[in-house]
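Accompanying notes for the structure given below.
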Amino acid sequence: MGAITKREEVTFLMLFNRNGYVLNFSTNDFDVFTTNSIGEALCEKFGLSKGKSLTAYLSSASDEDRAKLLSDLFHYYEDNMEYEYNENYEDNVYWGSSISRYDERYAKIYKKCKAIIDRAEGGSSAIAKTADNLKCKFSSEYMSQQIDLMQSTNPTNAIGLAKELIESCCKTVLEELDIEWNRYDDVPQLTNKTMGALNLLPADIQQTDQGADAIKAVLGNLRAIPSKLAEIRNPFGSGHGKSASFQGLEERHAKLAVGCSITFVDFIWSTFENQKETGTKVI
2 MGAITKREEV
12 TFLMLFNRNG
22 YVLNFSTNDF
32 DVFTTNSIGE
42 ALCEKFGLSK
52 GKSLTAYLSS
62 ASDEDRAKLL
72 SDLFHYYEDN
82 MEYEYNENYE
92 DNVYWGSSIS
102 RYDERYAKIY
112 KKCKAIIDRA
122 EGGSSAIAKT
132 ADNLKCKFSS
142 EYMSQQIDLM
152 QSTNPTNAIG
162 LAKELIESCC
172 KTVLEELDIE
182 WNRYDDVPQL
192 TNKTMGALNL
202 LPADIQQTDQ
212 GADAIKAVLG
222 NLRAIPSKLA
232 EIRNPFGSGH
242 GKSASFQGLE
252 ERHAKLAVGC
262 SITFVDFIWS
272 TFENQKETGT
282 KVI
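Numbered per the numbering used here, the sequence shown spans residues 2 to 284.
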């Protein structure tokens, strides 16, 4: 991960520091989070408020540890406080009400922080940017670029980004085929709709087809990739409280997740393009 300058650090503190608090953390949750991130419980160490403990740590930590903690806090904010920076967020807390927790000031600061993280995280953030871009346009050119995006930084975040890449692919294919999808559809539902539209569900294979059993098994495993990535993300994601002894994901886990997502997306998109070109739904 690249360096984050002291000037850029100030921008992050404007996003994280809330009058002595840090985001929506309790003192205990903040200590658990920082222990998981950089191996130290900051409030316990400095005996100060969460905001002052964070500032004290950043003033003395190495550049590597500073960047690691700022990055982890930023991704926590993205995962848990989207209502604050996304004006179109469907807020279940105030469902059906005109009340909004969107904050224009924090939304602007978030965009500045995201640009810094994108630069600092390099390839890892490239996956995130690709997932965003694919919501507007998905192409084979993108796929060829993804194969080089195995990352060693922020493995926990890579799991979520791998899932989002699959989600973007499925939505794009469904839109290209003029098939409606619900904004509340989760990844397994999007996967089933997409594979069904392409005749890639195990049930679409006739028993008389050559190698039917093997093909059904492979397609069944392919369909399981998105849902299992989502399941992996839940216990390891930054948005869940963990004990101080929690062991996070390693680089090899991130590579497995990203590799699985690329395998899924490459096959789905290649099948879609083939069927569009030939006019036949052949696996």
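Backbone N, C-alpha and C define an ideal beta-carbon position, used for all residues, glycine too.
Would you list the one or two residues that DSSP bridges to residue 18? The residue you call residue 18 lines up with position 17 of the sequence shown. As a beta-bridge residue in DSSP terms, residue 18 pairs with 23.
Under the rule that 16 or more other beta-carbon atoms within 10 Å means buried, what is residue 48, buried or exposed? If you number the sequence shown from 1, residue 48 lands on position 47. Classification of residue 48: exposed, given that the 10 Å Cβ count is below 16.
State the DSSP-derived secondary structure class of residue 82, mapped to helix, strand or coil. Looking up residue 82 in the sequence shown gives position 81. Secondary structure of residue 82 (DSSP, three-state): coil.
Pairing CB atoms from the region 6-22 with CB atoms from the region 105-117, are three or more of them under 8 Å? By the C-beta criterion, the region 6-22 is judged to be in contact with the region 105-117, since at least 3 inter-stretch pairs fall below 8 Å.
So, is residue 101 buried or exposed, given that buried needs 16 or more other C-beta atoms within 10 angstroms? By one-based count along the sequence shown, residue 101 stands at place 100. Residue 101 is exposed by the Cβ-count criterion.
Give the single residue among 258, 9, 267 whose Cα lies nearest to the Cα of residue 120. For this step, residue 120 is matched to residue 119 along the sequence shown. It is 9 whose Cα lies nearest to the Cα of residue 120.
What residue range is occupied by the uninterrupted alpha helix (DSSP H) comprising residue 38? By one-based count along the sequence shown, residue 38 stands at place 37. Note, residue 38: alpha helix (DSSP H), 28-39.
Do the region 56-71 and the region 81-95 touch if we need at least three Cβ pairs shorter than 8 Å? For the pair of segments examined, the region 56-71 was found not to touch the region 81-95: the number of CB pairs separated by less than 8 Å stays below three.
Residue range of the alpha helix (DSSP H) that residue 193 falls in? Numbered from its first residue, the sequence shown carries residue 193 at position 192. Going by DSSP, residue 193 is part of the alpha helix (DSSP H) stretching over 188-198.
Assuming residue 159 and residue 255 make a contact with CB atoms under 8 Å, what is their CB distance in whole Å? Your numbering for residue 159 matches position 158 in the sequence shown. Your numbering for residue 255 matches position 254 in the sequence shown. With a contact defined as Cβ atoms closer than 8 Å, residue 159 and residue 255 qualify at about 4 Å.
Would residue 233 pass as a contact of residue 258 if the rule is Cβ separation under 8 Å? Along the sequence shown, one-based indexing puts residue 233 at 232. Along the sequence shown, one-based indexing puts residue 258 at 257. Yes, these two residues count as a Cβ contact at 8 Å.
Could you spell out where the alpha helix (DSSP H) holding residue 52 opens and where it closes? The residue given as residue 52 occupies position 51 in the sequence shown. That run of the alpha helix (DSSP H) goes 51-61.
Where does residue 202 fall in DSSP's three states? As a working mapping, residue 202 is identified with position 201 in the sequence shown. Three-state DSSP puts residue 202 in coil, outside helix and strand.
Kindly indicate which three-state DSSP category residue 6 falls into: helix, strand or coil? As a working note, residue 6 is residue 5 in the sequence shown. DSSP places residue 6 outside both helix and strand once states are collapsed to three, so it counts as coil.
State the start and end residues of the unbroken alpha helix (DSSP H) segment that holds residue 110. As a first step, residue 110 must be located in the sequence shown, where it is residue number 109. Residue 110: member of the alpha helix (DSSP H) spanning 105-122, first to last residue.
Going by DSSP in three states, residue 272 sits in which element: helix, strand or coil? By one-based count along the sequence shown, residue 272 stands at place 271. Assigned with DSSP and collapsed to three states, residue 272 falls in helix.
DSSP three-state assignment for residue 93, whether helix, strand or coil: For the purposes of this step, residue 93 is identified with residue 92 of the sequence shown, where counting begins at 1. Assignment of residue 93 by DSSP, reduced to helix, strand and coil, places it in the helix class.
Nearest-angstrom Cβ-Cβ length linking residue 270 and residue 171, presumed shorter than 8 Å: Taking the first residue of the sequence shown as position 1, residue 270 is located at position 269. Taking the first residue of the sequence shown as position 1, residue 171 is located at position 170. 10 Å between Cβ atoms; not a contact.
Exposed unless 16 or more other CB atoms sit within 10 angstroms - verdict on residue 281: The sequence position of residue 281 within the sequence shown is 280, counting from 1. Exposed.
Residue 180 - DSSP class collapsed to helix/strand/coil: For the purposes of this step, residue 180 is taken as residue 179 along the sequence shown, with counting starting at 1. The DSSP-derived three-state label of residue 180 is coil.
Which two residues bound the contiguous alpha helix (DSSP H) that contains residue 45? For this step, residue 45 is matched to residue 44 along the sequence shown. Counting along the chain, the alpha helix (DSSP H) containing residue 45 begins and ends at 43-47.
Please state the DSSP three-state secondary structure of residue 210. Within the sequence shown, numbered from 1, the residue matching residue 210 stands at position 209. Residue 210: coil per DSSP, three-state reduction.
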